[in-house]
Amino acid sequence: MKNINPNCFVCNQPQSEVPLIQFQYKDIEYHVCPEHLPIMIHSPQKLTGLLPDAEKLKPHNQ
Ligand SMILES: [Zn+2]
Numbered sequence: 026m027k028n029i030n031p032n033c034f035v036c037n038q039p040q041s042e043v044p045l046i047q048f049q050y051k052d053i054e055y056h057v058c059p060e061h062l063p064i065m066i067h068s069p070q071k072l073t074g075l076l077p078d079a080e081k082l083k084p085h086n087q
């Protein structure tokens, strides 16, 4: 299964509007914009429902 949409997985902005960073997680390819990358680092639990098992990800120590 592959995410073929090059949009931020949080806000759905396309790469034509914002720079997108590509990453892979559980064999799926995702894209995230610079606005939402810090959320993934510092508050991954906020992504529950968007990323599988997001509630199990550990936030980076502040
Ligand atoms: Zn975004």
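In terms of the working numbering, the sequence shown opens at residue 26 and continues consecutively. Even glycine gets a Cβ: it sits at the ideal position worked out from N, Cα and C.
- Distance from the C-beta of residue 38 to the nearest heavy atom of ligand 1 is below 7 Å.
- Setting aside the 5 residues that flank it on each side, residue 82 is surrounded in the same chain by 69, each with a C-beta closer than 6 Å to its C-beta; the list follows chain order.
- Put simply, the backbone Cα of residue 56 is about 16 Å away from that of residue 73.
- In this chain, residue 67 is not harboured by any beta strand (DSSP E); it is covered by the alpha helix (DSSP H) spanning 62-67.
- Short of 6 Å from the beta carbon of residue 43, and not among the five residues preceding or following it, lie these beta carbons of its own chain, in chain order: 58.
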